[in-house]
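Residues -44 to -1, 1 to 760 (mature numbering (1 follows the signal peptide of the UniProt record, and there is no 0)) are what the sequence shown spells out, left to right.
Written below as structure tokens is the structure these notes are about.
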Amino acid sequence: MVSSKCFFHNNPFHVSDKKIERLKLFFCLWILMLLPTCVKPGLGENDHWDGVVVTESDFLALEAFKQELVDPKGFLRSWNDSGYGACSGGWIGIKCSMGQVIVIQLPWKGLSGQISDRIGQLQELRKLSLHDNLISGSIPSSLGLLPNLRGVQLFNNKLSGSIPPSLGYCPLLQSLDLSNNLLTGTIPDSIASSTRLYWLNLSFNSFSGSIPAKLTHSDSLTILDFQHNNLSGSVPNTWGGSVKSGFFRLQSLILDHNLFSGNVPSSLGRLSELKEISLSHNQFSGTIPNEIGTLSRLQTLDFSNNALSGQIQETLGKLHNLSVLILSRNKFSGHIPASIGNISNLMQLDLSLNNISGEIPISFNTQHSLNLFNVSYNNLSGSVPTLLANKFNSSSFVGNIRLCGYSLSTRCPSPAPSFGVIASPPKLSQQHHHMKLSTKDIILIAAGALLIVLVTLCCVLLICLIRKRATSKAANDRVVTRTGKGVPPVVGGVGEVEEGSGEGGGKLVHFDGPMAFTADDLLCATAEIMGKSTYGTVYKATLEDGSEVAVKRLREKITKNEREFESEVCVLGKIRHPNLLALRAYYLGPKGEKLLVFDYMHKGNLASFLHVRGPETVIDWPTRMRIAQGVANGLFYLHSQENIIHGHLTSNNVLLDENTNAKIADFGLSRLMTTAANSNIIATAGALGYRAPELLKLKKATNKSDIYSLGIILLELLTGKSPNESMNDVDLAQWVASIVKEEWTNEVFDVELMRDASTIGDELLNTLKLALHCVDPSPSARPDIQQVLQQLQEIRPVLSSEDY
Ligand SMILES: *[C@@H]1O[C@H](CO)[C@@H](O)[C@H](O)[C@H]1NC(C)=O
Ligand SMILES: *[C@@H]1O[C@H](CO)[C@@H](O)[C@H](O)[C@H]1NC(C)=O
Ligand SMILES: *[C@@H]1O[C@H](CO)[C@@H](O)[C@H](O)[C@H]1NC(C)=O
Ligand SMILES: *[C@@H]1O[C@H](CO)[C@@H](O)[C@H](O)[C@H]1NC(C)=O
Ligand SMILES: *[C@@H]1O[C@H](CO)[C@@H](O)[C@H](O)[C@H]1NC(C)=O
Ligand SMILES: *[C@@H]1O[C@H](CO)[C@@H](O)[C@H](O)[C@H]1NC(C)=O
Ligand SMILES: *[C@@H]1O[C@H](CO)[C@@H](O)[C@H](O)[C@H]1NC(C)=O
Ligand SMILES: *[C@@H]1O[C@H](CO)[C@@H](O)[C@H](O)[C@H]1NC(C)=O
Ligand SMILES: *[C@@H]1O[C@H](CO)[C@@H](O)[C@H](O)[C@H]1NC(C)=O
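What follows is the structure, given as structure tokens:
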């Protein structure tokens, strides 16, 4: 079930029921005073505010718990009655099942004082979340008495003392986050006893001693973060245990800023799910084990500030998903493997402050994704590949005496053969002569090839220019006669202005807008591919005057014939709304090519805006909410005014302008396609995780399937997760629903948002409710777009005037 029952239990609409429930309770209390629980038939386990009176033992424990805390902001004032409110929603931060407390959740409440040892009395407690307070004292060892304890979130407090080994007696413990406290002592062996533990964050404390070997055998651990402690010794080389064919889930191994020494364990190679290894700021020595090169999912590898030496393995180049490789401040020698230049996703490469020699491989000339590159202070030589030299300033290359070509003052000697000998470094020894000649040959050949390419390019340009001159003159003449001026026609309202083009016989039709270009301008524009979609390829075209447009080249085979196409496209060209991407013009080529011209959106699409960004780029809640409302607004207009079903709304189809206003793209395009093409498109769109479940059978998109897609986009904004990300084979909607059902609601939200949870908590929760409502498996249960829009505006009223 997606709209989980337990979740909607918090629904304000149920308040009146609750009051009645409390009255009933009261009687219940009097009649059954001496019974430990007051069981009401028909209630499921998940009915947390179940209107059942708290047991006496739990009541006393809660009282003691309150007693030992200091609550300057008075959040616990609601814990004021003799217990009947504890389990019926009256006591803030408490949830119960059958009269027993299962959740204590009081983050960001300014609480200080200590955690009472009496907490061990809450036998059903599953979750203890007190993070972001000022609580001191030690972690009660009585937590070990709680057989159902699953989550302990005590991070960002002032807890001291050590981790009670008894925590290992909680067989169901899943998540333990004690980070950013003042804890000391060693990490107890027992902590690894729970076979469910997947999240262990002990970072930013003063733990000492070594990593218990037992932890390295865990097949449930997914996140292990011990950064910024005082841990030492070597890291056990027993990752993945002794089992040969086990499945190990570890994704993040974060051990930076400690005192670890010894080798980097080769057994890490067994952890096939690893995405991030951070061992920086330690004292690791030896070489990088070859096995690291087998971790094909790896995205981040940071070994900086250690004493590692030897070659940088060629096999690292096999890590196709690698985006961050930081090896600075070590003692690496040898060459930079050419294979690293081939890693297509690489964004950061820092090899500075090592002893690396040789040349920077020319494979880096194909490396377009890099945004940080640093090889400073090594022993590199030769010329810097032009792409790197153009992109990065000298601070990325300095400290390599024999490296040239990265700044004006380090120009490389001319490659011309007659100067070769003079220009080569003075100390070049005889042995290298033979090799030098062959490099020279290569350079010559390359230069020759370049020349040919350049000449061809010049010819093409020239032809293009001549053609353009001839035709645009003709076109301009025509324009002059229409408008009396040299500027292209802009017709009031959404008119259509047809502009024939010269020789080719193609036809460009403008709908409106500020665009001033002729068919030839468009065809001669410099274009780069932005992406491919089911309907065709999208280019960013830069016109001669510097303005930019997005051009979609439709796949010819799947479009309707010209006449039908034109009548449909004219309808689309008239749709104007601030949250819908405007179609400005279309072009029909003489050979049947069909181009659609749209406004160019500088911030790209929502998917990459959310999912492809550095850790330092934070997207705050107001921005996300504004995007959500924008999308809802656009969809509302489509559904209500234009009677258009989008059919494949995804975060890839939501574009953002320079002010981060959302614009829905790709709507109505199905009208330009043949019927056969359309059913195919619906079938394939399913893979993307936005497709409503009923489309499996139905094959025809509806308003309600659009709402489903919108719900997924809302979930994406809330969780920061992409629906394409794998979450143990469940889709985003199922994943969120399962967590919410398990009472881990806060865990679904993007951690970035949780920083402000004290002020926006309710908004997050209400938006989550709405999103889950939208992704209800049953189409009829989903709200319609007007309700969605209205609720979003109630959750966070946004000034919309500035957007329009
Ligand atoms: C207890 O606290 C609740 C919420 O703060 C309040 O509405 C109620 O009146 C209080 N009851 C008593 C007996 O003080
Ligand atoms: C662990 O906790 C620290 C401090 O609270 C936080 O900065 C870090 O991101 C957490 N680690 C992970 C993997 O979430
Ligand atoms: C770290 O451990 C060393 C001894 O190994 C000790 O001298 C030092 O004070 C500890 N530092 C902290 C911050 O605990
Ligand atoms: C990159 O990661 C994805 C999932 O995160 C995985 O499916 C893919 O196989 C990885 N690429 C390689 C080359 O292993
Ligand atoms: C890098 O990629 C190119 C083209 O795909 C290939 O020819 C070359 O062999 C690769 N080099 C290495 C070192 O993997
Ligand atoms: C740097 O590497 C060279 C070999 O390439 C070696 O001879 C030299 O000793 C190394 N220097 C340092 C400081 O490690
Ligand atoms: C730099 O590399 C050369 C070999 O390319 C080596 O002879 C020289 O010793 C290295 N210099 C240093 C300071 O390590
Ligand atoms: C070089 O670029 C970096 C950012 O990539 C910048 O921080 C630095 O100031 C620049 N240095 C110089 C000398 O321009
Ligand atoms: C490159 O690394 C050096 C040494 O760590 C550092 O001083 C410099 O700022 C870095 N440059 C860039 C662009 O990161």
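Even glycine gets a Cβ: it sits at the ideal position worked out from N, Cα and C.
The structure displayed is predicted, hence computed values, not measured ones.
Checking 8 Å against the spacing of the C-beta atoms, do residue i and residue j come in under that value?
i	j	result
I210	L180	yes
I248	G273	no
N321	M303	no
A621	L612	no
N161	L134	yes
I58	F21	no
V220	Q255	no
Q61	K83	yes
R106	L78	no
I282	S265	no
N311	F329	no
L153	L132	yes
L307	I318	no
H602	D662	yes
N561	N608	yes
F163	I143	yes
T490	L628	no
V553	V505	yes
L666	D706	no
W47	G41	yes
I316	V354	no
Using a Cβ-Cβ cut-off of 8 Å (strictly less than) and excluding sequence neighbours within five positions of residue i, which residues of its own chain qualify?
i	result
S116	S92, G93, S94, N137, L138, L139 and T140
E549	G462, R509, E512 and Y543
N748	Sequence inspection shows Leu at residue 748; the Asn mentioned does not correspond to that position. So the qualifying residues of the chain are M581, A584, Q585, A588, T723 and L726.
N659	H595, I601, D740 and I741
I'd like the list of long-range same chain contacts for residue i, defined as Cβ closer than 6 Å, with 5 residues on each side in sequence excluded.
i	result
L499	F473, D477 and A481
residue 764	There is simply no residue 764 to check, as the chain begins at -44 and stops at 760 in what is shown.
R511	G492
I233	L209 and L257
L224	W195
L25	L67 and G69
N298	G273 and S319
Going by DSSP in three states, residue i sits in which element: helix, strand or coil?
i	result
R82	coil
I167	coil
N193	coil
T658	coil
M710	helix
L539	strand
I147	helix
K513	helix
E703	helix
L25	strand
C43	coil
S38	coil
T490	coil
Y664	helix
E549	coil
D468	coil
D718	helix
D14	helix
D476	helix
L726	helix
N634	helix
Might you give, ordered along the chain, the residues of its own chain that have their beta carbon closer than 7 Å to the beta carbon of residue i, omitting 5 neighbours on each side?
i	result
S174	A148 and L153
R367	C360 and G361
Exercise answer, beta-carbon shell around ligand 7 heavy atoms below 5 Å
S313 and N335
Which runs of the beta strand (DSSP E) fall wholly inside the segment 555 to 616 and span at least 3 residues, in chain order?
As far as the segment 555 to 616 is concerned, its whole beta strand (DSSP E) runs of at least 3 residues are 610 to 612.
Complete runs of the beta strand (DSSP E) confined to the segment 331 to 360 [at least 3 residues]:
335 to 339 and 358 to 360, all fully within the segment 331 to 360.
In the segment 197 to 243, which residue ranges form an unbroken alpha helix (DSSP H) of at least 4 residues, counting only runs that do not cross its ends?
none
What are the complete beta strand (DSSP E) segments, minimum 3 residues, inside the segment 59 to 129?
Secondary structure within the segment 59 to 129: the beta strand (DSSP E) runs of 3 or more consecutive residues, fully enclosed, are 83 to 85 and 107 to 109 (chain order).
Can you list, in chain order, every residue whose CB sits closer than 5 Å to a heavy atom of ligand 8?
N349 and S351
Please specify which runs of the beta strand (DSSP E), each continuous and at least 3 residues long, are wholly inside the segment 251 to 320, giving them in chain order.
256 to 258, 263 to 266, 280 to 282, 304 to 306 and 313 to 315
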